[in-house]
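Each remark here refers to the structure printed beneath this line.
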Amino acid sequence: MKKPSIPKGTRDFSPVEVTRRNYIMDTIKGAFHNFGFQPIETPSFENSETLMGKYGEEGDRLIFKILNSGDYLRKVDDATYTEKDSGKLTPKISEKALRYDLTVPFARYVVQHQNDITFPFKRYQIQPVWRADRPQKGRFREFYQCDADVVGSTSLWQEVEFVQLYDTVFNKLKLDGVTIKMNNRKILSGIAEMIGAEDKLIDFTVALDKLDKIGEEKVKAEMLEKGISQDAIEKLKPLFSVSGNASEKLATLKTLLSVSTIGMEGISEMECIVNAIETLKLSAATLEIDVTLARGLNYYTGAIFEVAAPKNVAMGSIGGGGRYDDLTGIFGMKDMSGVGISFGLDRIYLVLEELDLFPKTVTANTRVLFINFGEKEALYAMQAISALRKEGIPAELYPDSTKMGKQMGYADKRDIPFVVLAGESEMSDGNYTLKNMKSGEQLKLDRAQLLSKLK
RNA sequence: GUGGUUGUAGCUCAGUUGGUUAGAGCGCCUGAUUGUGGUUCAGGAGGUCGUCGGUUCGAGACCGAUCUUCCACCCCA
985 MKKPSIPKGT
995 RDFSPVEVTR
1005 RNYIMDTIKG
1015 AFHNFGFQPI
1025 ETPSFENSET
1035 LMGKYGEEGD
1045 RLIFKILNSG
1055 DYLRKVDDAT
1065 YTEKDSGKLT
1075 PKISEKALRY
1085 DLTVPFARYV
1095 VQHQNDITFP
1105 FKRYQIQPVW
1115 RADRPQKGRF
1125 REFYQCDADV
1135 VGSTSLWQEV
1145 EFVQLYDTVF
1155 NKLKLDGVTI
1165 KMNNRKILSG
1175 IAEMIGAEDK
1185 LIDFTVALDK
1195 LDKIGEEKVK
1205 AEMLEKGISQ
1215 DAIEKLKPLF
1225 SVSGNASEKL
1235 ATLKTLLSVS
1245 TIGMEGISEM
1255 ECIVNAIETL
1265 KLSAATLEID
1275 VTLARGLNYY
1285 TGAIFEVAAP
1295 KNVAMGSIGG
1305 GGRYDDLTGI
1315 FGMKDMSGVG
1325 ISFGLDRIYL
1335 VLEELDLFPK
1345 TVTANTRVLF
1355 INFGEKEALY
1365 AMQAISALRK
1375 EGIPAELYPD
1385 STKMGKQMGY
1395 ADKRDIPFVV
1405 LAGESEMSDG
1415 NYTLKNMKSG
1425 EQLKLDRAQL
1435 LSKLK
């Protein structure tokens, strides 16, 4: 018989994995609450028109489309069918699609429920999203995002709080050495303006983003290839060597971008955030200015964040976010600024695993197993089990009265620390024999003693 | 979506230039041990070699397609 399997890029989670994932999720949730965010949930699939075109051309390709139900092909006209143009056929046979991220559904939620929402609205959302990508290490086709966003406030204090939120979570997870990289879309625009390549902003930033990965020369080559002039690239030169701490970098940028109003605006925003964080201090993370950071440009308009795992772990970013002044604009609601961040649960899991940072605490395991000696003995055991459970001590009875070796082996394999043996002789004395599986020590106890011993 | 890579027992993997009945370790089951697990010993079960097709007298091995794994690109958590 063919062995069953699961689709590419999806995973099953074992009890240990679920426990560990819950540990991360509970930590993040706790911090979200602590910072005043409220939870919402949205459907796992949306109308296609809600998602399509919101993530760029590449995004559209990676959205999982859901086939219409019924005899969907019959409703397609012959011309469209014969043409075999997927782009034209898809909207006719698919009207729903799986959630691709949590930000766009959130924007939809805000616009749809605007009359019931009190602004500024701080929401968090922890749900799976789906991408039809090719899986790699730390990249799956089904994965969880943990997002926190605020809409309805342009205050830079939000950005400051998000930096603190990142720091709080990583501190609680004992994950030291993460770097929160920060940039600002306005600075990128300013640079493009300065070199006279405003129209090539996206191409220019995508190339710039690769600086630490492929090096200065290759970045220049890619820019040249995208039609950015040699002259313009020359003007970028000082940018490649911006160094020092945050304040020093800002000072350098100020002289470089003095000609650009928008660039200066970005610098002053970053300055505000950096100054606040310098006073408030971070404990687990470092805030770093990185003018080459350029993610999510399809909607970010101000601050851009990306969190890098500690340097000794080979892992891409474990979180990201930014400010988007007009996210709800795509659904017809103007002047609603938003800013938010996201935690990559699956990647954080891999990092904690690699650094052996999961707490050793005994997982929500059974504390005591009662050996089953038969009907009468099982009933006797159940009385003690009920009493233990009432005290909050996880206890269970081996369901079948099979050979003792098998029952003991079960306790051993499941790492259950105590076993109770209660057969005829114990029953007649009103006792229970408690065995410590680690030391092998055995004690005869009455029910009250058993309870206090297992507490 | 582009290029490469991987698939043999429940798990980790051997398997020679194509040649008879495909192996090991771990795990599992049974017994030594009918009220004592983790150790030891003896025995046992388990595989249409990812799938489909092709070459050949003969394919786990060679060829093609497809699925899967991992990697790079693209992009991203």
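First residue of the first sequence? That's 985 in my numbering, and the numbers climb one at a time after it. Virtual Cβ for every residue (Gly too), placed ideally from N, Cα, C. Quick caveat, the model's predicted, so the values are computed rather than measured.
Environment of residue i [buried if 16+ CB atoms lie within 10 Å]
i, result
"Met985", "Reliability fails at Met985, whose pLDDT of 44 lies under 50, so the model's placement of it is uncertain and the value that follows must be treated cautiously. Classification for Met985: exposed."
"Asp1274", "buried"
"Trp1141", "exposed"
"Gly977", "What the structure shows of the chain is the stretch from 985 to 1439, and residue 977 is not part of that stretch, so it cannot be assessed."
"Glu1361", "buried"
"Thr1239", "exposed"
"Gly1122", "buried"
"Asn1168", "buried"
"Arg1254", "Sequence check: residue 1254 is Met here, not Arg. Buried, since its Cβ has 16 or more Cβ neighbours within 10 Å."
"Leu1427", "exposed"
"Lys1439", "exposed"
"Asp1384", "exposed"
"Val1203", "buried"
"Ala1191", "buried"
"Gly1020", "exposed"
"Thr1011", "buried"
"Gly1306", "buried"
Own chain, CB closer than 7 Å to residue i, minus 5 neighbours either side, in chain order
i, result
"Tyr1333", "Arg1004, Arg1005, Ile1008"
"Ala1181", "Phe1188, Ile1212, Ala1216"
"Met1104", "A small fix is needed here, since residue 1104 is Pro in this sequence, not Met. Once the five neighbours on either side are set aside, the close Cβ partners of Pro1104 are Val1134, Val1135, Gly1136, Ser1137."
"Thr1074", "Lys1049"
"Ala1132", "Phe1016, Phe1021, Tyr1108, Leu1149, Gly1324, Ile1325"
Beta-carbon spacing of residue i, residue j below 7 Å
i, j, result
"Thr1189", "Ala1278", "yes"
"Phe1289", "Val1095", "no"
"Val1153", "Ile1164", "no"
"Gln1129", "Leu1086", "yes"
Own chain partners of residue i with C-beta closer than 6 Å, once the 5 adjacent residues on each side are dropped
i, result
"Glu1177", "Ser1244"
"Gly1161", "Pro1294"
"Lys1158", "Leu1341"
"Glu1126", "Thr994, Pro1112, Trp1114"
When the options are compared against residue i, the one with the closest alpha-carbon
i, options, result
"Leu1149", "Glu1380, Lys1221, Leu1271, Leu1223", "Leu1271"
"Ser1225", "Gln1214, Ser1231, Leu1237", "Leu1237"
"Lys1184", "Asp1196, Leu1208, Phe1105", "Leu1208"
"Ser1436", "Gly1393, Ala1368, Leu1405", "Ala1368"
"Arg1045", "Leu1372, Leu1035, Gly1358", "Leu1035"
"Ile1261", "Asp1151, Ile1110, Asp1062, Ile1175", "Asp1151"
"Thr1386", "Phe1357, Glu1143, Ala1191", "Phe1357"
"Phe1029", "Ile1050, Leu1434, Ser1139", "Ile1050"
"Asn1155", "Leu1266, Gln1433, Gly1389", "Leu1266"
"Glu1408", "Tyr1364, Ser1370, Phe1124, Gly1393", "Tyr1364"
"Lys1106", "Arg1118, Gly1389, Phe1090, Gly1037", "Phe1090"
Contact set for residue i: own chain, Cβ-Cβ below 8 Å, skip 5 residues either direction
i, result
"Glu1425", "Lys1419"
"Val1421", "Reading off the sequence shown, one finds Met at residue 1421, where the question assumed Val. If we look at Met1421 and ignore the five residues flanking it on each side, its Cβ neighbours are Ala1395, Asp1396, Ile1400, Pro1401, Phe1402, Val1403."
"Gly1313", "Met1320"
"Asp1193", "Thr1276, Leu1277, Ala1278, Arg1279"
"Ile1246", "Lys1170, Ser1173, Gly1174, Glu1177"
Q. Hey, is the region 1007-1025 in contact with the region 1076-1085, meaning 3+ C-beta pairs nearer than 8 Å?
A. no
Q: Evaluate contact between the region 1321-1339 and the region 1299-1308, counting only Cβ atoms and requiring at least three cross-stretch pairs below 8 Å.
A: yes
Q. Do the region 1374-1384 and the region 1351-1366 touch if we need at least three Cβ pairs shorter than 8 Å?
A. yes
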